[in-house]
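One structure is given below, encoded as structure tokens.
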Amino acid sequence: MAESEPSRRGFLARVVIALNALIAIIVATPAVGYLLSPLLRQRSSQWVVIGKATKFVAGVPQRVVYEYDDEGGYSVERTRSVAFVGRTPGDLIVLSPVCTHMGCNVAFDDTAGLFECPCHGGKYDTSGRVVEGPPPEPLRRFQSRIRDGNLEIQLT
Ligand code: FES
51 MAESEPSRRG FLARVVIALN ALIAIIVATP AVGYLLSPLL RQRSSQWVVI
101 GKATKFVAGV PQRVVYEYDD EGGYSVERTR SVAFVGRTPG DLIVLSPVCT
151 HMGCNVAFDD TAGLFECPCH GGKYDTSGRV VEGPPPEPLR RFQSRIRDGN
201 LEIQLT
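Printed below as a string of structure tokens:
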């Protein structure tokens, strides 16, 4: 009988430890899930108004500064960004200013009629197609729509 007492105590101690661990896991799992959920949440695409649709006329692409709420984990930050809006007959094209080579911002050269990248000389036409230099792809084109007279773009 004396030999089984320590092993019974050891067994009971392990059972108590296991039960405590189980309770800790049951209590902690929802709390950890709640704390991490903002980081794990899929960013939803959002439509952002960038101006009155009638303001954009045919001709030179217009540089537009717009604001949107950038949801990053636990915080929402008001962020400013830029897009170029061009109008073709019957269509509005909204282009990102970010060069597809290494991410510099392009500017529109009125004289040449092209978007030009200051970093490595990449050039794009008014529809965003590469016409010269190292960019591997055209400028990114935003999905756009007109709602209540406003031009909106979809951020993803
Ligand atoms: S970053 Fe624009 S050409 Fe290199």
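End of the sequence shown sits at 206 in the numbering used here; the numbers just go up one at a time, nothing left out.
Glycine is no exception: its CB is placed at the ideal position from the N, C-alpha and C atoms.
All values derive from a computational prediction rather than experimental measurement.
Please name the residue in P139, D160, P168, Y84 whose C-alpha comes closest to that of M152. Counting from 1 along the sequence shown, the entry for residue 152 is found at position 102. Taking only the C-alpha atoms, the option nearest M152 is P168.
Going by DSSP, name the residue or residues bridged to T129. Position 79 of the sequence shown, counted from the start, is the residue given in the question as residue 129. According to DSSP, residue pairing for T129 in a beta bridge involves Y118.
I need the straight-line Cα distance from S131 to Q112, nearest angstrom please. Walking along the sequence shown from the start, residue 131 turns up at place 81. Walking along the sequence shown from the start, residue 112 turns up at place 62. Spanning the two alpha carbons is a distance of roughly 14 Å.
Quick check on R179: does DSSP put it in helix, strand or coil? Locating residue 179 in the sequence shown gives position 129, counting from the first residue. Here R179 carries a coil assignment [DSSP, helix/strand/coil].
Can you give me the Cβ contacts of M51 inside the same chain, cut-off strictly under 6 Å, excluding the 5 residues immediately before and after it? Position 1 of the sequence shown holds residue 51. Because M51 sits at a pLDDT of 49, beneath the cut-off of 50, its placement in the model cannot be relied upon, and the following sentence gives the value as read from the coordinates. Excluding residues within five positions, none has a Cβ falling inside 6 Å.
Touching or not, the stretch 94-112 and the stretch 191-202, by the rule of three or more beta carbon pairs under 8 Å? Touching, per the Cβ criterion.
Under the rule that 16 or more other beta-carbon atoms within 10 Å means buried, what is Y174, buried or exposed? The residue you call residue 174 lines up with position 124 of the sequence shown. That one is buried.
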